[in-house]
Amino acid sequence: MDHELIYLDNAATTAVIPEVYEAMKPYFTEVYSNPSSVYSFAGKAKKPMEEVREKIASYLGAKPSEIYFTGGGSESDNWAIKGVAEAYKNKGKHIITSKIEHHAVLHTCEWLEKNGYEVTYLDVDEDGLISLEELEKAIRPDTILITIMFANNEIGTIEPIQKIGEIAREHGVLFHTDAVQAFGHVPIQVDEMKIDMLSASGHKFHGPKGIGFMYLRNSVKLGALIHGGAQERSRRAGTHNVPGIIGMGKAAEIMIGKMEENSRKEIAIRDHMIARIEKEIPYVKVNGHREKRLPNNINVCFRFVEGESLLIMLDQKGICASSGSACTSGSLDPSHVLLAIGLPHEIAHGSTRLTLSEETTMEQADFVVDSLKVIVERMRSMSPLYDDFVKENS
Ligand SMILES: *Cc1c(COP(=O)(O)O)cnc(C)c1O
Numbered sequence: 006m007d008h009e010l011i012y013l014d015n016a017a018t019t020a021v022i023p024e025v026y027e028a029m030k031p032y033f034t035e036v037y038s039n040p041s042s043v044y045s046f047a048g049k050a051k052k053p054m055e056e057v058r059e060k061i062a063s064y065l066g067a068k069p070s071e072i073y074f075t076g077g078g079s080e081s082d083n084w085a086i087k088g089v090a091e092a093y094k095n096k097g098k099h100i101i102t103s104k105i106e107h108h109a110v111l112h113t114c115e116w117l118e119k120n121g122y123e124v125t126y127l128d129v130d131e132d133g134l135i136s137l138e139e140l141e142k143a144i145r146p147d148t149i150l151i152t153i154m155f156a157n158n159e160i161g162t163i164e165p166i167q168k169i170g171e172i173a174r175e176h177g178v179l180f181h182t183d184a185v186q187a188f189g190h191v192p193i194q195v196d197e198m199k200i201d202m203l204s205a206s207g208h209k210f211h212g213p214k215g216i217g218f219m220y221l222r223n224s225v226k227l228g229a230l231i232h233g234g235a236q237e238r239s240r241r242a243g244t245h246n247v248p249g250i251i252g253m254g255k256a257a258e259i260m261i262g263k264m265e266e267n268s269r270k271e272i273a274i275r276d277h278m279i280a281r282i283e284k285e286i287p288y289v290k291v292n293g294h295r296e297k298r299l300p301n302n303i304n305v306c307f308r309f310v311e312g313e314s315l316l317i318m319l320d321q322k323g324i325c326a327s328s329g330s331a332c333t334s335g336s337l338d339p340s341h342v343l344l345a346i347g348l349p350h351e352i353a354h355g356s357t358r359l360t361l362s363e364e365t366t367m368e369q370a371d372f373v374v375d376s377l378k379v380i381v382e383r384m385r386s387m388s389p390l391y392d393d394f395v396k397e398n399s
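So for the sequence shown, this note's numbering puts the first residue at 6; every next one is plus one.
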């Protein structure tokens, strides 16, 4: 029997909402004009595009002139970090980030280290939170940027963004946050939170792939990452991805409008699943902060179970899950995030990430937990380590 597909990998990507797809359609075959051209046909693309800019700005408490359309989260992260490094190099060459950032941030920082910059990678506690005291201690006269993610894509922990923003502002250091997992899912206000730069990506909130944006405070002087035409105030060249921008705008509108309702639904299912897993499966560890957590994230380590094998068995039941970040699968190293929260290698290897959407149902949740119970038990019954462990502890 073919199983219904149960998609619990919404941190990797999300489905485009049908209404979003409908909104995009005319911009392929009918309103296909280049919004930068002068004739009125161009205006038919430019006007709705600018409306998206205004809408996104309003959701963040920003000005439309502070929203730049980019090719997604990775590009926005690269631009923010490399852009500040270049524009502020006369002030200093020191950057502060955390050990649990997405690779779009970490690998960009590592690249800068090879090019004469110094980077401090802050530790996190067992819940994945950075320490504000350590952050403050790490700031030096030559620190030009603090880049700390809003919410972690693997364990769902939400960082104390407003407090980080306050510390950055007090010390006159720019603050960028990778909000790819947060935008459209949890409330964000850039002024209140003292955020200077923010990255977001359409496909993480039910928009299309390959489109994102960066919020860039007007007072930040940043050069271009992509050079070429005069699009996006000459700061991001390239003909606009009009259908993508329209789709991202529609998705933002829907997700911001239903944020509270979606969160409530997801939190109920998330907490139900976590409670059942902890009660019904022995030797598990739930990763990430219990409350300061994305509404849709579950990350669990099953001891004596290999995460990758578990994924294959779940797949046979039509369940899509992840064993950490999609970018790290294919390598055998455990996730840098799980190591940073202090998990030993052998436990980190048994981690599974389940990320819900507002479409996930309680029935699906129960089917997944029922499946996990059976699969974990079967895998453990084949594990000599588990066998030894049970003998020692009985
Ligand atoms: C997915 C993701 C990115 C990358 O975004 P893309 O649009 O896929 O390039 C960056 N940071 C975080 C936290 C993510 O989850």
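From the three backbone atoms N, C-alpha and C, an ideal C-beta is built for every residue, glycine too. Here the structure is a predicted model, which means the values were calculated and not measured.
If we call anything under 8 Å between Cβ atoms a contact, is residue i one with residue j?
i: ASP82; j: ALA50; result: no
i: VAL57; j: ALA256; result: no
i: THR148; j: ALA156; result: no
i: ILE72; j: ILE61; result: yes
i: PHE218; j: PHE46; result: no
i: MET264; j: VAL374; result: no
i: GLY121; j: LYS142; result: no
i: LEU315; j: ILE380; result: yes
i: ILE105; j: LEU140; result: no
i: HIS232; j: PRO40; result: no
i: ARG174; j: LYS214; result: no
i: GLU159; j: VAL342; result: yes
i: GLU115; j: ILE135; result: no
i: MET202; j: HIS181; result: yes
i: ALA391; j: ARG383; result: Note on identity: in this sequence residue 391 is Tyr, with Ala being the wrong assignment. Not in contact: TYR391 and ARG383 (Cβ atoms no closer than 8 Å).
i: ILE261; j: TYR37; result: no
i: GLY133; j: HIS354; result: no
i: CYS409; j: LEU344; result: Since the first residue of the chain shown is 6 and the last is 399, residue 409 is not available in this structure.
i: GLY88; j: LEU319; result: no
Which residue comes first and which comes last in the alpha helix (DSSP H) that contains residue i?
i: HIS99; result: Here HIS99 belongs to no alpha helix (DSSP H); instead the beta strand (DSSP E) covers 99-103.
i: ALA353; result: 350-353
i: THR34; result: 31-34
i: TYR391; result: 389-397
i: MET219; result: Where MET219 is concerned, there is no enclosing alpha helix (DSSP H), although the beta strand (DSSP E) it sits in stretches over 217-221.
i: LYS87; result: 78-92
On the CB-based measure, 16 or more other CB atoms within 10 Å of its CB, does residue i come out buried or exposed?
i: THR310; result: With the sequence shown as reference, residue 310 is identified as Val, and Thr is not the correct amino acid for it. Counting Cβ neighbours within 10 Å, VAL310 comes out buried, since at least 16 surround it.
i: PRO389; result: exposed
i: SER330; result: Residue placement at SER330 is poorly supported in this model, since its pLDDT is 43, which falls under 50; the coordinates still yield a value, given next. With 16 or more Cβ atoms within 10 Å of its Cβ, SER330 is classed as buried.
i: ALA280; result: exposed
i: ASP128; result: exposed
i: MET6; result: Caution applies to MET6, whose pLDDT of 45 falls short of 50 and renders its modelled position unreliable; the value that the coordinates give is listed next. It is exposed - the Cβ of MET6 has fewer than 16 other Cβ atoms within 10 Å.
i: SER206; result: buried
i: ASN292; result: buried
i: TYR220; result: buried
i: GLU237; result: buried
i: LEU10; result: exposed
i: ALA20; result: exposed
i: ASP183; result: buried
i: LYS94; result: exposed
i: HIS107; result: buried
i: ALA90; result: buried
i: LYS270; result: buried
i: PRO192; result: exposed
i: THR113; result: buried
What span of residues does the beta strand (DSSP E) with residue i cover, start to end?
i: LEU359; result: 356-360
i: GLU123; result: 123-127
i: LYS52; result: Counting along the chain, LYS52 falls outside any beta strand (DSSP E), though it belongs to the alpha helix (DSSP H) covering 45-65.
i: VAL305; result: 302-307
i: THR107; result: The displayed chain sequence assigns His, not Thr, to residue 107. Careful: HIS107 lies outside any beta strand (DSSP E) and carries neither H nor E.
i: ILE149; result: 148-152
i: ALA205; result: 202-206
List the whole-angstrom C-beta distance separating residue i from residue j, where the pair is believed to meet the contact cut-off of C-beta under 8 Å.
i: GLN167; j: GLU197; result: 7 Å
i: LYS209; j: GLN194; result: Wrong, their Cβ atoms sit about 19 Å apart, outside the cutoff.
i: VAL124; j: ILE151; result: That pair is no contact at about 11 Å.
i: LEU117; j: ILE100; result: 7 Å
i: GLY78; j: SER204; result: 5 Å
i: LEU227; j: ARG240; result: 7 Å
i: ILE274; j: ALA370; result: 5 Å
i: SER103; j: ILE153; result: 5 Å
i: ILE346; j: ARG308; result: That pair is no contact at about 16 Å.
i: PRO248; j: MET54; result: No, PRO248 and MET54 are not in contact; Cβ-Cβ is about 10 Å, not under 8 Å.
i: GLU80; j: PRO69; result: The pair is not a contact, with the Cβ atoms about 20 Å apart (cut-off 8 Å).
i: GLU267; j: GLU363; result: Correcting the residue identity first, residue 267 is Asn in this sequence and not Glu. Right, the Cβ-Cβ distance comes to about 4 Å (below 8 Å), so this counts as a contact.
i: VAL190; j: ILE22; result: For the sequence presented, residue 190 should be read as His rather than Val. Not really, about 14 Å apart at Cβ, beyond 8 Å.
i: GLY76; j: ILE282; result: Actually they do not touch by this definition, with Cβ atoms about 37 Å apart.
Is it a yes or a no for the stretch 295-307 touching the stretch 352-361, going by three-plus beta-carbon pairs under 8 Å? Three or more Cβ pairs drawn from the stretch 295-307 and the stretch 352-361 lie within less than 8 Å of each other, which places the two stretches in contact.
Is the stretch 287-298 touching the stretch 241-257 in the sense that three or more CB pairs, one from each, lie closer than 8 Å? Counting C-beta pairs closer than 8 Å gives fewer than three between the stretch 241-257 and the stretch 287-298, which falls short of the contact rule.
Across the stretch 8-18 and the stretch 319-330, are there enough close Cβ pairs to call them in contact, namely three or more that are closer than 8 Å? Touching, yes, given that three or more Cβ pairs across the two stretches are closer than 8 Å.
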